[in-house]
Structure formats: C-alpha cells, structure tokens
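Colleague: My structure is below; once you've seen it, I'll send some questions.
Number of protein chains: 2
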Amino acid sequence: MKDVAAEAGVSAMTVSRVVNGGAAVAPRTAARVVAAVRKLGYQRDDVARQLRRTHELSQIIGLLVDDVADPFMAAVASAAEDVARQRGSVMLIGSSRADLSREREVVAAFTARRVDGLILVPAAGSHRFLRPAQAQGTKIVCVDRAAPGLNVDAVVVDNFGAVREAVRRLAARGHRRIGYVGDTPRIRTFGERRRGYLAALAAAGLPADPALIGDGLRSGPQAAAAVTGMLALPDPPTALLAGNEILAFGALAVLPAGHAFVAFDDFALADRLTPPVTVIAQDPVALATRAAHLLFARIHGDVAPPRTVVMPTRLIERGSGELPGPFA
Amino acid sequence: MKDVAAEAGVSAMTVSRVVNGGAAVAPRTAARVVAAVRKLGYQRDDVARQLRRTHELSQIIGLLVDDVADPFMAAVASAAEDVARQRGSVMLIGSSRADLSREREVVAAFTARRVDGLILVPAAGSHRFLRPAQAQGTKIVCVDRAAPGLNVDAVVVDNFGAVREAVRRLAARGHRRIGYVGDTPRIRTFGERRRGYLAALAAAGLPADPALIGDGLRSGPQAAAAVTGMLALPDPPTALLAGNEILAFGALAVLPAGHAFVAFDDFALADRLTPPVTVIAQDPVALATRAAHLLFARIHGDVAPPRTVVMPTRLIERGSGELPGPFA
DNA sequence: CTGAAAGCGCTAACAC
DNA sequence: GTGTTAGCGCTTTCAG
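Structure below.
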C-alpha cells in the first residue's frame, strides 16, 4: 500500500479511500491510484484491515458438518456457501466426523479467525464449550439438529413424527416384524428417528425386538452387516427402515428385491431401483438456506430469542414401502 | 490478552509465550497465566497474530470447486479438508458454478485473506488472473483438470484414454450408433472425454453423428432431454456414454432398461440398477489427497518444476456396458 | 526467565 | 480532497 501511494504520489490514506470506494476522491487522483494499483498488482490486505476494524465484521462464516462427502451435508454446504457469497462473506468448512473433540478443535480454529458466525451440525455431547465464543459475539445457528446445552437458533425437521408415520403405514400394511437401522441415538437426529420408530410400534401394539434394531451404525458396510444379521433370524423382519442415506445404501446392497423398505432422505436413482424406493424426503437446500439467512440476521443485529424452525418432510411413496406384509 | 496479563500479574509477552508454548516460562508463572486464560475465556487472536507475522503462514488454504453438492466434488472437498486439518490448517471453500468470473471473485476474496495456497478445479477460460497471487507467494494446485494459462501442479486422470477404451469396447460389442452426453467441451475434462469418444469412433470406422452428441449439458434434466431427443431419432443410438455422474442420473431417468450404457464416475447404487451400470471409476479421495499433499509440499518450500500427476481410472464392467449391439 | 519498545498493514478520527 | 496521527492485538527484538 505504501508502494502504491508512492507510485501514485499520494498518501496511504488516499489509496485506502480509492481502494474501498465510497469516500470522495478527486477523479484525477483516483485514476492515478487505480493505475498504480494495477501496475503493482496490489490487493487490499483483509487481515490488516480486519485488525484495525476490530468491531466490524470479518465477513467469514464457518460451517461444521459431520462429513462433507455425505450427500445431505454436501447439499447443506453448497446452499450455505451460496448465501454467504450473496452476503459478501467467505466460508470456512470443517468435518467433525461426528467426533465432539474434533468439532471443538475445528471450531476453535474458526473462532480464532474471528468468524462472524457458525453454522453447526452438532456432534453428540454438550456444547457448553461454545459459550465463550458466543459471549465474545460469535453467532451460532444449528442445522439438522439442536446442540445440547446451547440455546441458539436451530433449523430442523420433525424426525420423530416423520418416522412414526412411515412405520405406522408399514404396520397398517400388515407388517409385524419391522427392522430399523440407525446411527447412534446419542446424536439427536437419530435418537428422534429411533423414538419415532418405537412409538409407531407401540401404537400398533407390536413388540420392540432388540434383534430388529441396529444402532450406532456409521457406514454402509456396517448397515449391510446388521441387515444380513436380521435376515438370518428365525423370524426375520418383513420390512425395514433405514435412518439415513448412507445406511440405506448399505441396506439396499443386501436386501432382497421383494422386501418392504423405507429410507430417511431422498437420494438419486431411488426411483430407478426395483422396486422404486419409498423415502422420507427432507430438503437440505431449504434447511441450509434458512439457517444461513437466520445466521446473517443474527450477525446483523437480530436479538430476538432463539427459535427452532421445523421444516417439513415429505413421504414419497414409490413402491418399496407399500409392499404388503404377511398379515395384509 | 492485556486483561489476561493483568489478571496473572505478568506482561503481555509472557502471556504470549505461555499461550504459544515452546518458550521457557517458569512453571509457577505459566500456571497463573493458564488460570487467567481459563477464567477470562481468552483465545489467541489469529488475525492480529498473522498481521505481525506477515511472512509466516496463515494456515488457511482455499478450495474452489464447481459445486460442492456434486458428489465427486464433495468427496474432493472432504479429502482435502482432512489433509488440511492434519497439517494444522483450516480450509475456505467456494463454488464457481463453472463460471470464471465467479471463480475470480471468490479467489480474490480468498487471497485477500492471505491463504497459503489454493486447490483449484478450474472453470473454463484463461487463468492468467492468478499470476499476481502466485507472484505474491500463494501456491496453487489444480485437481481434475489443468488451468489454461497457468503453469502449476495438477492432479488429473487420463480422461481421453479412459473414454476411448470404453467406447472401443462398445463398438467391439456390435454397437454402431453410440451416443454421448457431456458438459461443455470448453472445460478441459469434458473436452478430453469428448475427444476420447470421437477417437474411438474414428478408430472403429464409425461416423461421428452430431445428432448423437449432447454438448454443454449442465444438469440431469438437460441430459434427460438430450437423451430423449436421441431416442426419438429414426436411427437412435443403441449405446450411450454419459460424461459425468450428474448427466448419468439424468440419462438413466429416461433410458430403457435394455439400452447399453456406460457412465464416467462411479456412483452409489450403480450395482443395484437393472442392469447394473458399467462405469469408468476414478478415485476422488485419492486425487484430492494427492493434490493437497502436493500443495502443502509447495507451501513448505518445494520449488521443483510444476508436474502433472495422472491418476488411474478403472473400467468397472457391471452389465449395462456389455449389452451386445445389433451387429454383435 | 521476564519485560519494554516497536511495528505488522490498514483505517478512524481529526486536521488542514 | 487530502494528509497526519494513532492504534487494532499480537510478536520480534533486544535489554535486563
């Protein structure tokens, strides 16, 4: 910047004014500065700028997900980045791999860079550790699930209700042995889905058989193994619900074609399988967009009490979930 | 930091030494500082730190992809962030939507934050604009395709050879009308795939019929429409190659089950379709991991001439690509 | 082992 | 319209 000022024969302050626009600078002076900037390939140093403007925004937000490679999270990331860009911010991204200590590390690295806000898909466990960051002004919004011990905005879906309804329909179609494969119930989202499953069984007067419940599954192969185990039982399930997309892929790898099946999350090609797969669809783009807008509202001074926004899900009946059970 | 120093009854310098470790500080003093840090919830301000250490690294890298929601790019992002974390860096992410001017904007926002390096999936068009950033010390590595006008490391696959071989096999199986749906050939990756297709046709003595080539397709529905058009021709194709995953999904939505089909990029459930889908698989995680390691090597002083790493692809024959043509 | 002074690149606040 | 001064929060350098 000093070099540019020298080159243009002005002070650093004038360069600053030209580079940032807005302030009144004589057109001829401005032109000289612009020429010098171009000649020297100067670019404003936002790090230094931010230091001086400590109470202004950094125009950086952070996004923390389980794993960006997960299609649901990828859609969330894409939509969040889109909003950030529209709002003139850049976005840091991190994957917690559902590990709270890793999440902590990444969040610390983010806040040290003075992010204006954080969009969080929280791992299991207490999020008290975020209090200092909050106190220091960092805004936080949760997506997909609320964070235990943290009173902030959250954008979620009614996991409990959606699964309960799906399982109710399976039972109504004559299934009495309904299996469930899910990730750890310690993660709120999956805990709710599991509760929805159990509630529907209870409402239908069906017993909850532990042998038909796969918990804590974290990958396709794990889900496949769990399903294979269930199918080998003396009285195997006649219908199955997969708690998320990854587990659905695993289950589909081993499930016979005629087996009733419902998956949480819609996915590509679901309608091209035989039979086409019935899913509980949520809209990750809508979720993330909503969350990002909430975050920016907070960043720009919205101080209303934290709210939880519940977005709709949609049961898309394509065939696999409508196969009749033995008691139809 | 001043507050912490006051609380602990030491100077700011001592706080700095304790917070950053390494330097020799009396254990008792250090303990007092640690207590003060905890009490006040102090966290080092990396923005200020970085300003003073202008010639040190920012420990921020930037990743620029077409769109994170694309499964291939999502896998790249996940793998790159993994390496970044291992190397103690955080990662900014941006989507260009294959638009050069948008890419430019995002890259500028990244370099203004003094990123140490950039992993780039370059959009079509000249990347000369990156020269100043390079001169200023920002390291750059391209993934999936090289950037026109920029002499930097790149990690790619042999798109040309992989498609040529796949189409050669289709021709060898008796197909004479082979269709192709691809994104714009102005993007290097897709240009090479298209050339591979044309080269295989030529080698098999087959004419290249423009009516069987869908170019510049950017979404599933666009691919579906293109394929529908081809199928309505008086002499429709008997085999089809889709240039990427997104287009494959679109094509599969309208393609009759008995139609020969090969897709570039492996995808979930490819083996569960009827017939199972033959694909040209690349390994996005390996690509990105390699690229990230290359980037960090550059950041840490590797000054060897830029090299292009070609990673292998694998033709996975699952059935859809082995269906015989009318002249088998 | 600890502290004081200076300055990273920029801009707020105030002169002129 | 433009320049000057000071200081953002930290660390480098040098002194004790």
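Heads up: the protein sequence lines correspond to chains A and B, in order. Numbering of the first sequence is given in this note's numbering, commencing with residue 26 and proceeding in unit increments. Numbering of the second sequence is given in this note's numbering, commencing with residue 26 and proceeding in unit increments. We treat Cβ as the ideally placed atom computed from N, Cα and C, and that holds for glycine. As the structure is a computational prediction, the values presented were derived from the model and not from experiment.
#1: As a quick exercise: from A:Q68, A:I165, A:V146 and A:E190, pick the residue whose alpha carbon is nearest that of V132 (chain B).
#2: Taking 6 Å as the limit between beta carbons, can you name the residues of its chain near A171 (chain B), skipping five residues before and five after?
#3: Please report how far the alpha carbon of Q247 (chain B) lies from the alpha carbon of F321 (chain A), in whole angstroms.
#4: Less than 7 Å between the C-beta atoms of L88 (chain B) and A102 (chain B), yes or no?
#5: Using the Cα positions of R74 (chain A) and S114 (chain A), report the straight-line distance between them to the nearest angstrom.
#6: For I165 (chain B), which beta-bridge partners are listed by DSSP?
#7: So which of B:R110, B:V146 and B:V334 has the shortest CA-CA distance to S14 (chain B)?
#8: Rounded to whole angstroms, how far is the Cβ of I85 (chain A) from the Cβ of V168 (chain A), which I believe are closer than 8 Å?
#9: Which residue's Cα is closest to the Cα of L125 (chain B): B:R332, B:A257, B:R138 and B:D91?
#10: Excluding the 5 residues flanking V335 (chain A) on each side, which residues of the same chain have their C-beta closer than 7 Å to its C-beta?
#11: Quick check on DSSP: helix, strand or coil for M255 (chain B)?
#12: Contact defined as beta carbons within less than 8 Å: I believe G344 (chain B) pairs with P300 (chain B). What is the distance between those atoms, to the nearest angstrom?
#13: With DSSP collapsed to three states, give me the class of T303 (chain A).
#14: For R153 (chain B), which of B:R138, B:P173, B:G162 and B:T136 has the nearest alpha-carbon?
#15: Determine, using beta carbons only, whether V72 (chain B) comes closer than 7 Å to chain A.
#16: Anything in chain B within Cβ reach of A94 (chain A), meaning under 7 Å, just list it in chain order.
#17: So R243 (chain A) contacts chain B; which residues on that side make the cut at Cβ distance below 8 Å?
#18: Give every residue of the same chain whose Cβ lies closer than 7 Å to the Cβ of A311 (chain B), excluding the five residues on either side of it in the sequence, and list them in chain order.
#19: Quick one: does L237 (chain B) have its CB under 7 Å from some CB of chain A?
#20: What in chain B is Cβ-close to S151 (chain A), meaning under 7 Å?
#21: I think L191 (chain B) touches L319 (chain B), with their Cβ atoms under 8 Å apart; what is that distance to the nearest whole Å?
#22: Roughly how many angstroms separate the alpha carbons of A352 (chain B) and A160 (chain B), rounded to a whole number?
#23: Do you know whose CA, among B:L272, B:I271, B:G275 and B:L280, lies nearest L257 (chain B)'s CA?
#24: Where do the ends of the beta strand (DSSP E) carrying S120 (chain A) lie?
#25: Report the residues of the region 283-305 of chain B with a CB closer than 7 Å to any CB of chain A, ordered along the chain.
#26: Cutting at 7 Å between CB atoms, please list the residues of its own chain near A251 (chain A), excluding the five before and the five after it.
#27: Sorted by chain position, which residues of the same chain lie with C-beta nearer than 7 Å to T209 (chain B)'s C-beta, five sequence neighbours on each side aside?
#28: With a threshold of 8 Å, are at least 3 pairs of Cβ atoms found where one atom belongs to the region 293-308 of chain B and the other to the region 267-283 of chain A?
#29: At the level of alpha carbons, what is the spacing between S244 (chain A) and P96 (chain A)?
#30: CA-CA distance, P52 (chain B) and A37 (chain B)?
#31: Cutting at 6 Å between CB atoms, please list the residues of its own chain near I324 (chain B), excluding the five before and the five after it.
#32: Tell me the residue span of the beta strand (DSSP E) that contains I203 (chain A).
#33: Alpha carbon to alpha carbon, how far is N45 (chain B) from T39 (chain B)?
#34: Excluding five sequence neighbours on each side, which residues of the same chain lie with their C-beta closer than 7 Å to the C-beta of L65 (chain B)?
#35: Where does D178 (chain A) fall in DSSP's three states?
#36: Expressed to the nearest angstrom, what Euclidean distance is found between the alpha-carbon atoms of G186 (chain B) and G221 (chain B)?
Modeller: Here's the rundown:
#1: Looking at the Cα atoms, A:Q68 is the closest of the given residues.
#2: Around A171 (chain B): A179.
#3: If I take the Cα positions, the gap works out to 34 Å.
#4: Yes, they are a contact pair.
#5: R74 (chain A) and S114 (chain A): Cα-Cα distance of roughly 15 Å.
#6: In the DSSP output, where bridge partners are listed per residue, I165 (chain B) has B:L143.
#7: In the structure as shown, chain B begins at 26 and stops at 353. Residue 14 (chain B) is therefore absent and cannot be evaluated.
#8: Contact doesn't hold; Cβ gap of about 18 Å is too wide.
#9: Comparing Cα-Cα distances from L125 (chain B) to each of B:R332, B:A257, B:R138 and B:D91, the minimum goes to B:D91.
#10: Its chain contains V181, V182 and D183 as the residues whose beta carbon lies nearer than 7 Å to that of V335 (chain A), once the 5 sequence neighbours on both sides are disregarded; these appear in chain order.
#11: Reduced to three states, the DSSP call for M255 (chain B) is helix.
#12: Contact holds; Cβ gap of about 4 Å.
#13: In this structure, T303 (chain A) counts as strand in the three-state DSSP scheme.
#14: Nearest of B:R138, B:P173, B:G162 and B:T136 to R153 (chain B), Cα basis: B:P173.
#15: Judged by the 7 Å Cβ criterion, V72 (chain B) is in contact with chain A.
#16: Under the 7 Å cutoff, chain B gives A99, A100 and S103.
#17: Using a Cβ-Cβ cut-off of 8 Å, R243 (chain A) is close to nothing in chain B; its nearest Cβ partner there is about 15 Å away.
#18: When the five nearest sequence neighbours on each side are left out, the beta carbons in the same chain lying within less than 7 Å of the beta carbon of A311 (chain B) are those of M336, in order along the chain.
#19: Chain A contact via Cβ: absent.
#20: Result: empty, since nearest Cβ-Cβ is about 16 Å, beyond 7 Å.
#21: This sequence places Ala at residue 191 (chain B); Leu is not what is there. A191 (chain B) to L319 (chain B), Cβ: 28 Å. No contact.
#22: The residue you asked about is not Ala; residue 352 (chain B) is Phe in the sequence shown. So the two alpha carbons sit approximately 58 Å from each other.
#23: Looking at the sequence shown, residue 257 (chain B) is not Leu but Ala. Answer by Cα proximity: B:L280.
#24: For S120 (chain A), the uninterrupted beta strand (DSSP E) run begins and ends at V115 to S120, by DSSP.
#25: Along the region 283-305 of chain B, going in chain order, the ones with a CB nearer than 7 Å to a CB of chain A are A293, L294, R297, L298 and T299.
#26: Annotation for A251 (chain A): V206, G239 and L242 place their beta carbon closer than 7 Å to its own, counting only its chain and skipping 5 residues before and after.
#27: The residues are A149, F215, D240 and G241.
#28: Flag = yes, the region 293-308 of chain B and the region 267-283 of chain A touch.
#29: Cα-Cα distance, rounded: 13 Å.
#30: A direct Cα-Cα distance of roughly 17 Å separates P52 (chain B) from A37 (chain B).
#31: Same-chain partners within the cutoff: D141, G142 and K164.
#32: Start and end: I203 to V206.
#33: Near 10 Å, if we compare the C-alpha coordinates of T39 (chain B) and N45 (chain B).
#34: So the list reads D28, V29 and E32, once near-sequence residues are dropped.
#35: DSSP places D178 (chain A) in strand when its eight states are reduced to three.
#36: Distance from the CA atom of G186 (chain B) to the CA atom of G221 (chain B), rounded to whole angstroms, is 6 Å.
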